[in-house]
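Read through the structure below, which is laid out as structure tokens, and then see the notes.
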Amino acid sequence: MAEAHPVGFQWVMEAKARGAKVIHVDPRFTRTSAVADEYVAIRAGTDIAFLGGVIKYVLDNELDFREYVVAYTNASHLISEDFVDSEDLDGLFSGFDAEGRTYDESSWQYAHQEEQGSGSEDTKQRAQAAGGEHESHGTTVARRVEKDPTLQHPRCVYQVLKRHYARYTPEMVERVCGIPPAQFEEVCRAWTQNSGRERTTALVYSVGWTQHSTGVQYIRAGAILQLLLGNMGRPGGGILALRGHASIQGSTDVPTLFNLLPGYLPMPHAHTHGSLQEWIDSIRPPNQKGFWGDAGAYAVSLLKSYWGDAATAENDYGYDWVPRIDGDHGTYAQVLDMIDGKIKGYFLLGQNPAVGSAHGRAQRLGMANLDWLVVRDLFEIESATFWRDSPEVETGEIVPEECRTEVFLLPAASHVEKEGTFTQTQRMLQWREQAVEPKDDCRSELWFFYHLGRMLRERLASSDDPRDAGLRSLTWDYPVHGEHDEPSAEAVLKEINGVDVATGEPLSSYTELAADGSTASGCWIYCGVYADGVNQAARRKPGSEQDWVAAEWGWVWPSNRRILYNRASADPDGKPWSERKAYVWWDAEQGRWTGHDIPDFQATKPPDYDPPEDAVGPDALSGRDPFIMQGDGKGWLFAPRGLVDGPMPTHYEAAESPFRNLLYGQQSNPTRLVYERGDNPMNPSPPERHHEVFPFVFTTSRLTEHHTAGGMSRYLPYLSELQPEMFMEVSPEMARLRGLEHLGWAHVITARSAIEARVLVTDRLTPLRVDGRVVHQVWFPYHWGVGGTGLTRGDSANDVIGISLDANVQIQDSKVGTCDVQPGRRPRGPALREFVAEYVERSQAPGEHQRVVTARLAESDGRHAGSNGSGSNGSGGDDARGNDEGSD
Amino acid sequence: MVERTGIAADEGPAARAGYEDPPPRMGFFTDTSVCIGCKACEVACKEWNLVPEDGLDLTGMSYDNTGMLSASTWRHVAFIEQAIPPGQASLPFTDTPTGPSGTTDSALAAARASGTTSLGMPTIGPPADDLLAPSADREGVRWLMASDVCKHCTSAACLDVCPTGSLFRTEFGTVVVQEDICNGCGYCIPACPYGVIDQRKDDGRAWKCTLCYDRIGDGQQPACATACPTESIQYGPLDELRERAAARTQQLHDAGVPEARLYGEDPDDGVGGAGAFFLLLDEPEVYGLPPDPVVTTRDLPAMWKRAGLAAAGMAAAAVVAFVGASS
Amino acid sequence: MEPRASQAPVWSAGSGSGSGSGGGGRRRRRGGGAGGGEELQVPPAEFASYYGRPVLKAPVWKDDIPAYLFTGGLAAGSSLLAAGGDATGRPALRRAGRLTSFGALLASTYFLVHDLGRPERFHHMLRIAKPTSPMSVGTWILAVYGPAAGLAAVSEAAGLLPSRGLLGLVRRVLPGLGSLGGVAAALTAPALASYTAVLVADTAVPAWHEAHPQLPVVFTGSALAAGAGAALIAVPPAQAGPARRAAVTGAVAELAATHVVEHRLGLASEAYTTGEPARLLSAARALTAGGALGAVVGRRSHLLSAVSGAALLAGSLATRFGIYRAGVASAKDPKYTVVPQRERLAAREAAAANGTPAP
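Here you go:
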């Protein structure tokens, strides 16, 4: 955190000054470790084994916040008799289909509700990567869920959980993660001792935690712990993601993701969401409980904000004009489609995939196969110059004279040159004033898209082609100002907030949204940010002038609630768990919820409220159901649905690992997305043969001195001089093993490519003893790139990383992989590809991948393994012309 | 005890420089125990003072690619990786295999880079079997970070020896170079006992930290202190800072950090106390600071005396050479 | 390989202060390498530094400064001999001294201005007079000495002027003025020759500062010898007697003081007795001693005297460069800064321990 978020880290240091104990778990000793009270060295990619160990510690010692767990989580719910745990299937859960590598979730459901999961869209659309759409949409839960408040029933979630983690012992943690038992227990003690009635613990992670083939389950494991310890919905608790850039939270709320619309509404699917009703029902089955029950109101209001008067009940509020998805259009699927010539044009806005995205070579070859590419950035980045100076030009795979891609480089305005909001990890929108006018031709994104839309609409003004109707009917009437006709950002924010269509008055809460077209809102969760016609995000009342919740600084979605699910900060009777941690509570006299924050609950619903049989939506939740977005109002220790790779986090080795999975026969996440094709070879892992060709583990991350792909730092002298060159860190032992010299050169080789870097020999990297074997870890930053116009350049870490994704959200597996390291500089020119091809040859990388290796499924696996034998030559220009052999 | 610099503790340098009831003496307290090495101080300083880039060199000195204070680096963050002596290893490191210090290697490389004499360090040898495993006796690793800056000495040698009056004492007791006066004689550079001030080659003049004279005059904080996220760099009236520092040191000692010590806060030291002082976690020289700096001009009277005698001797020798000379 | 245990670093117990390998500059034998590490070029001194980097900034002066140390001394020495020659009726000695000093003065001025980072601002030196700045003091010494020595030198041209008219008048007064100037120059010459010792000693440069008691003697001796050397070349043996005696006293003073610098300053002496400075200083020793000897032995032969004179000049030049380089070397190696200061601290602590005042 000190490395990537030094400014936020000041609060950790302040907490430390007040006596807090700082524990840092990381594969490498970083600037955070330097000031932490305790540094725990962990083998990269084994976090679930580690967290599972902590969960076991909590359960074995009954250190869970029992009242909280019984009342607010699904610990007492009974799971279907059909459910079979990974303990019994050697690493797989029941319902696994070895062919499609997907799960049928019906056996994961609560007892007697199996039908809920059967044929759920998760399964059907798994291949279309639509699982993510259901991330937080809860589930329909029938009236009576069988429960055992004593948590003794063998099929109750508590016992299922206990059994699932039974083998995650301190000894196992040591064997898998390389963490000494004494130290591990220290961590468990610290975490549990700081949780309960009087104390809460916050779990803060950076997005590197998600970048694994089981990334979502990493976070799930954290969530389970926080629920068991009663750290959700309470002050000082929660799970916070420190994002990689300003407003990444905002870019998922009002999304830049292919499968989501604003407010986490799913993008309609061409085949299954034919009508508005079908679409809404897919978000909210008819008898849906919880706030997703009102999804219709959110969806229709969104359409009304898009098309205004043109959106009517008769035309389904313009639903037919909404673009559809028909498969995986994630960034990685897209780049492979570019290579295959399926995509003609591409917009890059403040993104530098030539350096910043996994498998840099594929990224560049893909872009080199486009008709046109629009790059809007502060500098002429590598993604704008790849056609003339990328590594592929050196290898001859891209010939500048022949590269067909027409690149349009448009200068962008920086964050101080434009106004708007940033949404940070607490879901807080903070208004940003424009400090200076952008220079020359630099313009804001808002300006770019508004005028692009305006021009397109002018071009189509006279078109009667039905496919243009949607564009022509859009409300595109933002007031502009200044010599460059800059659109008003406040007007956009107001549209996002939403208005009463009749009066045009801004709405003040999403509860006012209606499904009858009487309201419009660009993003239902942001409804209220413009309440009373005031830009609530621009509020800057100093903390000294308000209470500690500071509700008048900025605005937090939803409805300016600082802490989500804060009903959980009070006990089932509505009284605070403790005076020290009092936050919101039930005021019997007033007959409403009150407290320091805005209650995240129906304000007048008493704690003893029990819903009538036929209730739907929020009213169907009892007065003791804090997790109001869930169908059952409970925090899920066990997830009956919403995750495509299992109801409980399970340790799998990374897609590329030098170690056999010590817990299960199943080596790695069986549902992870693998694109098996000649241009995306993977390193073999045990039990596959030849894995020893890549004996080391590498992990990548950031340096404080640089920003992501370097587009905002390698072009500035004051930052470049602080970290002027690409380097890799190795332990003294590894240096001796490979004969690496401090400050000398070395190169890292994977099946994708080889990159070179200067060597820093340091104690901060330590070899770990894992299951009796020694593993050497090498680390390098991903800020550098070849080409471009930066002040400092170097090989890009992402060039050695392959495309292997988490099944839930398609995040790349970029934090851990295997590699070989050799002293000296890498081969240059065409020799580089031959060099890598030779490694691929030796390792037989593609072809014999055994994603499913348990004894039980060995056969089907063997059959599957045979299918992609070809394409072992990961080299050559063929790939540039699109070689989709063996692609799934 | 060594001779004092003869400075009355009550009288501040500004008053001694002739200011009539000057504002309180301002300075820095840099608490290195909370430094996270983000280098925001270096960048903020350069942004505010328009200090040019200082070279894109990978030094191999941990994460320090700045090297040292110079004409174009007025804040410098030092990074020191060291093994923790046995018995000192705090729990984080018990049972944790770490290994022979990498600093040996970095020291070698750095020594090569800076052209200093051999450090008597071993070179890295070929792979040896026993080195493939984490070595049993590997101690813990400690990573020290510290932001260095001009000390704004109570008795400032640079100011004393400046022949043009370019260097002067401000009303805040700080020492500042006047770029319109400096003629680049370079005398201040070897005079500084901390190696702070330096000549900017392409410019010819001497440059160093001004303690943001153009900011503190307007009641603002210096750029580096403003940018520091963890309040490792604290700016304020020196008396106040000294109290804070003493309390912080006590706090660390109570917390089981006996190695915490203050550097440069003692008005009785060789430079009469620094206007910018530090809390360190190891000996000063480990951070590249002199353990017992003395302002050279303290010995100036003695030097003039010797010079006078030598001159007289020379004259006498000349006279004698002629007295009673036949040829 | 030796067992690693035998290669563990030396830690001072307790606070971990001893663990100050810092950047790793601590000179110690460390294991891990093939055969346990490369040979030490210098005996290992236990001290810590930041990656072996210097604590101090070495002088940024160019060779102009050591060159000036020589020419300034030469000018001073020559002015003294010139005045003596004038007073004792040795016209050749007088004339040679005056012209040499004037030439050396012009060279000195050039060197001083040329060394500035901003030569066009040389006159800023005259903004103030500052006793705490030897450079300022030196500026004013030169300001007095320069015109005087100049006048003395110019007066030598009197003979070339016509004997009639205004210039004739000048021709008649000039020698008198020249003598006045010569006396003034001679009176400021010793200051000119010795202040430069303070100039270099009044820095944090260990080798110079530690030598502050001896350097004035080295410099004045060297100046006298240089002046005498020049005279021995230009003046016929008949008039060179004083120059010979001056050469011998100067040389003896210089050699004696330098010997102390090279052997009695503890660690600082190492800077003078190793590397290039050592080579320069031993050359200086040979030249100066040889020159002085030759001056006495060859007193009848102008040729031998001239050769001796050249040796003395060269010796003086080598001395100045040797001492200058030693200072720079001592500033570049943290050892010279850290070790003595550590010893000082240790002594003070010891003294504090048994309640006696520190040295």
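Residue numbers (our numbering), protein chains in the order written: chain A, 1 to 888; chain B, 889 to 1215; chain C, 1216 to 1574. All C-beta atoms, glycine included, are put in the ideal place defined by N, C-alpha and C. Remember, it's a predicted structure, so these values are computed and weren't measured experimentally.
Item, Value
"Taking DSSP's pairing of strands, which residues face B:Met-1033 in a bridge?", "B:Phe-967"
"Can you list the residues of chain B that A:Thr-792 reaches, using a CB-CB cut of under 7 angstroms?", "Leu-944"
"How is the beta strand (DSSP E) around A:Trp-745 delimited, first residue to last?", "745–749"
"Could you work out which residue in A:Leu-63, A:Leu-302 and A:Arg-561 is closest to A:Asp-516 when comparing CA atoms only?", "A:Leu-302"
"How about the region 711–720 of chain A and the region 751–758 of chain A: do they share at least three Cβ pairs that are nearer than 8 angstroms?", "no"
"Are C:Leu-1289 and C:Ala-1441 close, meaning C-beta to C-beta below 8 angstroms?", "yes"
"How is A:Gly-617 classed by DSSP in three states: helix, strand or coil?", "strand"
"Quickly, what does DSSP pair C:Met-1350 with across the bridge? List them, please.", "Answer by DSSP bridge pairing: none, since C:Met-1350 is not bridged."
"Against chain B, with Cβ distances strictly below 8 angstroms, would C:Thr-1534 count as a contact?", "no"
"Taking 8 angstroms as the threshold (beta carbon to beta carbon), is B:Ala-1199 in contact with chain C?", "yes"
"Ordered along the chain, which non-local residues of its own chain (more than five positions away) have a Cβ less than 6 angstroms from that of A:Ala-111?", "Leu-78, Ser-80 and Glu-146"
"Which residues in the same chain have their Cβ closer than 8 angstroms to the Cβ of A:Met-13, if we skip the five residues on either side of it in sequence?", "Val-35"
"CA-CA distance, C:Leu-1496 and C:Gly-1530?", "9 angstroms"
"For A:Arg-234, which of helix, strand or coil comes out of DSSP?", "coil"
"Using the Cα positions of A:Ala-313 and A:Ser-247, report the straight-line distance between them to the nearest angstrom.", "35 angstroms"
"Classify B:Trp-962: buried if its beta carbon has 16 or more other beta carbons within 10 angstroms, exposed otherwise.", "buried"
"Can you tell me whether A:His-153 is buried or exposed, with buried defined as 16 or more other CB within 10 angstroms of its CB?", "buried"
"With DSSP collapsed to three states, give me the class of C:Gly-1542.", "helix"
"Counting only C-beta atoms, is B:Asn-937 closer than 8 angstroms to chain D at any point?", "In summary, chain D is missing from the structure at hand, where the protein chains are A, B and C."
"Using the three-state DSSP reduction, which class does B:Val-1145 fall into: helix, strand or coil?", "coil"
"Would you tell me roughly how many angstroms separate the C-alpha atoms of A:Trp-108 and A:Thr-700, rounded to the nearest one?", "35 angstroms"
"Anything in chain B within Cβ reach of A:His-481, meaning under 8 angstroms, just list it in chain order.", "Under the 8 angstroms cutoff, chain B gives no residues; its nearest Cβ is about 30 angstroms from A:His-481."
"Spell out whether any CB of chain C is found under 8 angstroms from the CB atom of B:Gln-1087.", "yes"
"Among A:Leu-257, A:Leu-760 and A:Arg-467, which residue has its Cα nearest to the Cα of A:Gly-744?", "A:Leu-760"
"Between which two residues does the beta strand (DSSP E) carrying B:Met-914 extend?", "914–919"
"Hey, does C:Arg-1387 have any beta-carbon neighbour from chain B nearer than 8 angstroms?", "no"
"Would you mind telling me which residues of chain B sit closer than 8 angstroms to C:Leu-1439, beta carbon to beta carbon, in chain order?", "Met-1202, Ala-1205 and Ala-1206"
"Determine the contact status of B:Phe-916 and B:Ile-1121, defining contact as a CB-CB distance below 8 angstroms.", "yes"
"Near C:Leu-1519, what residues of its chain come up, given a Cβ to Cβ distance below 8 angstroms and the 5 sequence neighbours on each side ignored?", "Gly-1509, Val-1512 and Gly-1513"
"Taking the straight line between their C-alpha atoms, what separation do you get for B:Ala-1001 and B:Gly-955?", "Per-residue confidence for B:Ala-1001 stands at a pLDDT of 42, beneath the threshold of 50, marking its modelled position as unreliable; no derived number is given."
"Would you kindly work out how many angstroms separate the C-alpha atoms of A:Tyr-332 and A:Thr-256, rounded to a whole number?", "14 angstroms"
"Please decide whether A:Asp-763 counts as near chain B, where near means a Cβ-Cβ distance under 8 angstroms.", "yes"
"Just list the residues that DSSP pairs A:Phe-780 with in beta bridges.", "A:Thr-700"
"Could you check the C-alpha separation between C:Glu-1425 and B:Pro-912 for me, to the nearest Å?", "36 angstroms"
"Is it the case that the Cβ atoms of C:Met-1350 and B:Pro-1081 are separated by a distance below 8 angstroms?", "no"
"Excluding the 5 residues preceding and the 5 following A:Trp-387 in the sequence, name in chain order all residues of the same chain whose CB lies nearer than 7 angstroms to its CB.", "Ala-368, Ile-398, Pro-400, Cys-403, Thr-405 and Val-407"
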